[in-house]
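What follows is a short report on a single structure.
Number of protein chains: 2
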Amino acid sequence: MSLELSTPPPTVIPQKQTASHPLAPVTREEIQHAVYLIKSIWPANTEFQFKVITLEEPLKAEALAYLEAEHNGRSFPHISRKAFVNYYLRNTNKFYEAIVNLSENKVASNFILGANVHGAGDGEEILAIEKIALEDEAVQAEIKKLQLPEGTVVTVDPWIYGADGVNDDDRMYQCFLYLRDPANPKEEDSCHYAFPLPISPVISTETMTCTRVDLLPTGADHTIKPTQPYKPRPANEYVSEYQDLRTDLKPLHVVQPEGASFTVTEQGTSTILEWQKWRMRIGINAREGMVLHDVRYDNRSLFYRLSLSDMNIPYADPRHPFHKKSAFDLGDVGAGIMANDLKLGCDCLGSIYYLSSILSDVAGEPMDMPNSVCIHEQDAGIGWKHTNYRTGRAAVVRNREFVLQSIITVANYEYILAFMFNQAGEMDYEVRATGVLSTQPIDDGVDVPFGTRVHPGVLAVHHQHLFSLRVDPYLDGSVNNRVVFDEAHPMPRSDFNPHGTGYVVKETVIDKSGGYDLDPSSNRTFKIQNVSSRNPINGKPVAYKIHAPPFQHMISDKDSFNYKRAEFGDHNIYVVKHRENELFSGGKYTNQSRGGTGVRSWANRNDSVVDEDVVVFVQFGINHVPRIEDFPVMPCEIIKVAFKPVNFFDKNPALDVPPSSQAFNKSTGLNSEEATQHMQSGATVTIGNQGEVCCPAKL
Amino acid sequence: MSLELSTPPPTVIPQKQTASHPLAPVTREEIQHAVYLIKSIWPANTEFQFKVITLEEPLKAEALAYLEAEHNGRSFPHISRKAFVNYYLRNTNKFYEAIVNLSENKVASNFILGANVHGAGDGEEILAIEKIALEDEAVQAEIKKLQLPEGTVVTVDPWIYGADGVNDDDRMYQCFLYLRDPANPKEEDSCHYAFPLPISPVISTETMTCTRVDLLPTGADHTIKPTQPYKPRPANEYVSEYQDLRTDLKPLHVVQPEGASFTVTEQGTSTILEWQKWRMRIGINAREGMVLHDVRYDNRSLFYRLSLSDMNIPYADPRHPFHKKSAFDLGDVGAGIMANDLKLGCDCLGSIYYLSSILSDVAGEPMDMPNSVCIHEQDAGIGWKHTNYRTGRAAVVRNREFVLQSIITVANYEYILAFMFNQAGEMDYEVRATGVLSTQPIDDGVDVPFGTRVHPGVLAVHHQHLFSLRVDPYLDGSVNNRVVFDEAHPMPRSDFNPHGTGYVVKETVIDKSGGYDLDPSSNRTFKIQNVSSRNPINGKPVAYKIHAPPFQHMISDKDSFNYKRAEFGDHNIYVVKHRENELFSGGKYTNQSRGGTGVRSWANRNDSVVDEDVVVFVQFGINHVPRIEDFPVMPCEIIKVAFKPVNFFDKNPALDVPPSSQAFNKSTGLNSEEATQHMQSGATVTIGNQGEVCCPAKL
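Shown next as structure tokens:
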């Protein structure tokens with residue numbers, strides 16, 4: 001169904017200004033304008049639940065023409081501003097996708113989406129679901145059987161229902177119930193994941209009612225037992241009041257007395273960042289969070305667009321309803337919309353600039369998301385060093401990094417997501433997984449091979465974290481790139497290799513779109529190359545290589561919904577030919593999705609990808625086998641993907657970093673004269689406390 | 001030949017004091033005492049070249065008894081102090097290994113070592129070799145053919161000869177010749193690796209003469225051409241005077257106003273470090289550099305001994321003499337003896353304590369090695385975080401790390417070696433590879449598959465860096481540990497797993513000593529377990545898991561000298577049953593070694609290793625395929641191995657870290673009120689320079 005707007009709306013809402021750049025996320029006014037235009041094509045009393053109001057990015061060719069004009073001081077081509085809008089007619093399963101042409105003041109397209117296409121969750125809905133679950137009579141009847149102490153608070157974690165093909169055409173939530181510590185019911189920040197309950201209501205988003213109450217298996221098999229009275233358990237709190245805090249950690253401050261080395265130029269919703277020869281444009285949208293465009297180093301373009309494309313977290317417990325736990329946190333909710341409001345001195349250390357964003361709520365109102373991204377520099381140890389042993393001269397520079405960090409909370413879990421740039425032309429994408437394990441009840445004395453008991457009565461099930469980073473390269477100003485991989489192979493023995501020590505590096509060009517894998521046994525290394533730009537010294541094509549850690553791919557079998565839905569989960573690298581609107585490697589609509597719309601499907605077009613407009617999806621992940629040390633909140637597990645120049649420059653690009661010196665770095669020496677004097681002769685010297693040297697005692 | 005000392009020496013040199021701890025490296029006085037005792041068994045006019053004078057560590061059982069007494073306040077058992085000594089009779093190939101019992105004032109054993117057993121290089125020798133190479137007439141004749149500009153300085157990189165079984169029974173050096181920039185001959189720090197020459201003298205250490213002058217192949221095959229006149233080439237300097245240095249990097253200081261959080265107790269040559277529940281003893285020896293003993297967390301023992309055991313760097317060029325380039329930097333020279341004298345404000349940032357060491361020179365004199373290790377804390381980002389979306393409360397702690405760093409220079413290359421500890425009971429071992437590529441000449445227009453042209457006329461050959469970390473566990477006070485590996489496998493489809501999503505983790509116990517490999521496709525993870533100590537919550541054995549990155553193992557074929565010598569190079573993990581004196585996984589004597597004395601040989605004993613006194617060697621590495629960006633000095637390439645507790649504690653051990661707060665961290669916000677006010681409404685705001693906000697300009 002298309003509802004092309006036939007007549008202009010009667011009045012136009014005041015529009016203070018359009019965004020300053022074609023790649024800028026939609027502004028506050030554009031959100032209002034888009035909503036106005038959508039509403040104008042419906043009867044006046046229609047109620048909406050807006051799921052997405054975001055920039056419909058210009059065609060890549062249009063945007064690149066604009067960027068080239070921008071960098072070369074030429075006049076800008078006209079590019080219409082468009083918004084992409086997803087909405088439900090409230091309390092129905094009628095889900096629409098619309099493109100609004102803001103520049104032309106019209107709804108360019110408006111379609112109702114088909115069966116098994118669902119919108120993401122949203123905060124208002126999630127809070128409503130929690131309430132409905134708790135107020136349902138059948139749920140209350142089950143809770144009553146627990147015979148909880150007076151005052152006990154039951155909490156609800158609504159989960160995206162997932163998909164298994166069993167009566168799951170409608171959009172639903174599967175809720176998991178927990179308790180705050182019954183012995184301390186007033187503690188609102190009690191870690192309820194230490195008190196999982198075996199009761200799991202299912203809520204329909206169409207009727208907003210509880211349609212089913214599942215009981216959970218709590219033993220080693222899938223036996224469901226009637227709900228039993230609650231058995232008191234110890235709490236396991238993570239908030240600081242319940243800890244015997246360490247008292248011996250001294251402050252460590254990062255001080256930049258002359259300010260930061262970067263500049264931030266905010267142009268409305270789009271921001272230019274410049275630091276140490278890097279220049280990029282950053283915007284924040286609801287789904288991907290940070291999106292970088294037009295990433296350049298020393299005025300040479302590297303990437304047209306970079307963003308986290310998707311993530312999937314399938315769980316290992318095969319029993320109903322746990323087998324459906326398979327979160328797509330970006331598509332099912334959104335990294336931008338879940339971004340933490342970062343606080344000075346808590347989430348970043350040093351001199352910090354915060355970027356805020358403007359997203360939208362279910363009513364279609366602009367919503368301020370303060371401090372979604374923190375921007376800072378950090379010292380990352382030594383960048384390079386060489387000591388000439390003949391003269392004793394040590395040349396050493398430190399490695400400064402420029403970090404763009406965002407932290408998202410997805411119910412129990414946290415992800416700390418960061419783009420990091422250094423002075424050697426290298427870029428890292430870092431994910432830190434932290435937060436709280438999603439737990440479920442388990443009977444005493446039971447061990448299962450698909451999870452770990454992390455607390456009495458608490459099972460944390462194994463799960464995979466599968467991430468997919470989208471890289472749209474523009475190496476040295478060309479969209480026509482190729483992806484190759486290098487492998488090292490031993491030379492056969494011969495007159496040339498008489499001692500069996502020789503080895504060669506062989507480059508293989510990826511000619512067809514598809515999924516490709518790492519192979520540490522041959523040091524297989526993927527590179528993005530622009531063969532039309534050659535290194536002046538050695539004639540090799542300029543390239544960036546990808547260092548991504550190997551990981552266990554999707555474990556679920558190939559006929560499973562998990563495998564079909566997370567189309568990126570089966571290969572380290574996907575190479576596809578660029579097409580507009582192919583941003584999300586698990587498909588545009590991930591909630592209860594059925595597959596067929598993600599990167600594997602695009603790759604199956606079998607396009608030629610040699611010196612074409614290629615897009616690379618880099619996958620990485622963790623198989624999280626919980627340790628007890630991961631509870632009640634887990635120490636960060638860190639994964640990094642690195643992009644490094646290969647024959648892109650003509651020498652180490654960090655050669656011009658000023659030498660590391662005490663005059664610049666102002667470090668503090670803790671060795672005193674006295675300590676140094678005695679240390680060689682067998683005395684006992686203790687430093688500590690305020691760094692002073694305790695009285696040395698001759699042994 | 002054994003020369004057991006039959007009678008005590010006539011006089012005893014004054015010995016000011018013995019070391020304070022049985023695991024302390026030899027003291028200044030002990031070095032003198034050992035040398036005195038060795039000399040006393042030889043005729044008075046004997047000339048020595050001392051290669052090693054180091055602590056002969058006590059038997060592990062003795063040392064553990066001592067440590068237990070130390071921690072429990074019991075009286076100490078007596079342990080004799082012993083020194084291990086290697087020496088040549090000067091200008092001979094007669095190489096000795098002696099054990100000196102310092103406590104009993106006698107040489108306990110003294111053997112001449114057999115054929116193909118050679119001592120390490122030493123600084124005095126290397127400088128002498130350089131001189132001999134340059135003064136040799138045949139070398140000078142070849143240099144003359146280069147027709148170098150007046151004043152040009154030729155430099156020599158003496159290389160350990162390597163081994164190929166071809167007339168290499170005697171100890172030799174293979175030298176590679178370079179030029180300082182002929183256009184700038186007074187620059188002593190000119191990067192001579194940009195000017196490699198095709199002349200390679202071989203020097204005998206027995207006769208200290210040049211025995212052969214090899215000419216090097218400079219084309220794509222192994223053709224040797226007569227030495228041609230030098231063709232002028234551009235320089236490629238790394239020292240700062242030759243750079244157009246960046247001017248826009250602002251200082252970043254790490255300040256600890258209340259001092260550091262660690263304490264250092266120096267007991268002569270041994271030092272106790274305490275930080276955030278960690279406690280360990282550190283000593284420095286010539287070969288391994290840092291050695292950690294008795295590593296504990298919260299008074300629970302984890303490791304008896306930790307050190308870098310070996311490294312090997314085999315090169316890919318199969319042509320003579322390059323095929324012999326295969327450095328064992330610890331055994332052939334030594335990490336402690338090559339340790340840089342670290343400088344405040346250059347090599348570490350923040351509040352730094354330096355440890356010095358006392359090693360020995362070829363004359364057997366004690367030699368001060370100042371500032372071999374720097375000790376400091378660093379901020380490592382967020383440690384853990386969780387935001388309760390219901391209350392909005394964010395609980396966040398930062399991750400402080402405690403770093404013990406040493407930097408070694410091995411002619412062209414640098415390695416930055418660090419043990420790093422955090423507040424979650426985790427330990428990392430980090431290697432940063434930096435320094436200058438070892439280069440060789442190549443003709444213009446020639447490309448070879450075993451190297452990269454990194455500068456006109458300069459070939460950097462591919463090479464592997466293979467590292468081996470020795471881990472002697474003592475988990476929760478037991479030497480009897482086992483090594484197991486976990487793998488994740490899909491469950492077969494069944495009534496229990498009807499949707500094909502389930503997976504299980506299966507533990508396999510390693511029962512026999514041997515080499516074992518990673519397998520990312522099953523998430524294979526190695527753990528060291530003490531089954532006699534069980535987690536109080538889930539009953540699992542306490543364990544530490546090993547996270548080591550997969551890497552390409554030794555590429556040289558199994559019949560090659562490279563393979564036979566670097567016995568650790570073929571597997572990610574070696575598990576062996578502990579035996580005294582098995583510290584070095586490539587064998588005790590690596591210089592021109594023939595294999596058969598390292599970890600593969602020990603593993604081949606096929607010992608039972610289940611709940612035995614096991615030692616684990618963890619291998620990791622890089623296949624370094626040079627990029628032009630790695631020249632003239634390479635940006636650090638970082639590899640990390642992590643050790644993490646698994647069911648060792650009963651919850652996240654970093655739960656008691658005080659919350660991250662602005663009061664403690666004192667960060668600086670760069671957003672001004674004005675900037676914040678304008679950013680939402682489409683103005684252009686630029687911050688930069690000293691962090692101030694430039695005048696916002698309405699667009």
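Chains as they are written, first to last, in full-length UniProt numbering: chain E, 1 to 699; chain P, 1 to 699. C-beta atoms are modelled at their ideal positions from N, C-alpha and C, and glycine is treated no differently.
Within 8 Å, strictly: CB atoms of residue i and residue j
i	j	result
L23/E	A65/E	no
G121/E	V333/E	yes
N412/E	V446/E	no
F467/P	Q619/P	yes
V373/P	L359/P	no
V479/E	I510/E	no
V202/E	V139/E	no
L308/E	G336/E	no
Residues that residue i contacts on chain E, provided the C-beta gap is smaller than 7 Å
i	result
D486/P	V625
D559/P	G500
Helix, strand or coil at residue i according to DSSP, with G and I counted as helix
i	result
W602/E	helix
A675/P	For A675/P, the predicted structure reports a pLDDT of 48, less than 50, and the residue's modelled location is therefore unreliable. A value from the coordinates is still provided. Helix at A675/P.
P158/E	strand
E426/E	coil
I546/P	strand
Q680/P	Its pLDDT being 42, under 50, Q680/P is placed unreliably in this model, and the value from its coordinates should be taken loosely. Q680/P falls in the coil class under three-state DSSP.
G331/P	helix
L583/E	coil
S662/E	At residue 662/E the sequence reads Gln, which differs from the Ser that was named. Looking at Q662/E - three-state DSSP - the assignment turns out to be helix.
I416/P	strand
F643/E	strand
Proximal chain P residues relative to residue i, where beta-carbon distance stays under 8 Å
i	result
A65/E	Correct list: empty, because the minimum Cβ distance to chain P is about 21 Å.
Candidates the options, of which the one nearest residue i by Cα
i	options	result
V458/E	L148/E, K186/E, G123/E and C191/E	C191/E
F262/P	M208/E, F262/E and P251/E	P251/E
N312/E	E258/E, T501/E, D428/E and N562/E	N562/E
G383/P	S372/P, R398/P, G392/P and E377/P	R398/P
V471/P	A260/P, L292/P and S556/P	L292/P
E612/P	E401/P, N530/P, K666/P and G219/P	N530/P
Cβ-Cβ separation, residue j to residue i (assumed contact under 8 Å), whole Å
i	j	result
P632/P	Y238/P	5 Å
S585/E	D310/E	5 Å
I638/E	E426/E	17 Å between Cβ atoms; not a contact.
L249/P	V255/E	Wrong, their Cβ atoms sit about 15 Å apart, outside the cutoff.
E56/E	I112/E	Contact flag wrong, Cβ pair sits at about 18 Å.
Residue i: contacting residues in chain E (beta-carbon distance under 8 Å)
i	result
Q662/P	K343, L344, G345 and C346
Partner residues on chain C for residue i, Cβ-Cβ distance less than 7 Å
i	result
I573/P	This model lacks chain C altogether, as its protein chains are E and P.
Chain E residues whose Cβ lies nearer than 9 Å to that of residue i
i	result
K527/P	Chain E residues near K527/P: none, gap ~10 Å exceeds 9 Å.
Partner residues on chain P for residue i, Cβ-Cβ distance less than 9 Å
i	result
R393/E	E188, D189 and V239
H33/E	Chain P residues near H33/E: none, gap ~14 Å exceeds 9 Å.
Amino acids of chain P, ordered along the chain, whose beta-carbon sits closer than 7 Å to that of residue i
i	result
W384/E	T434, V633, M634, P635 and C636
R453/E	I537 and N538
D650/E	I628
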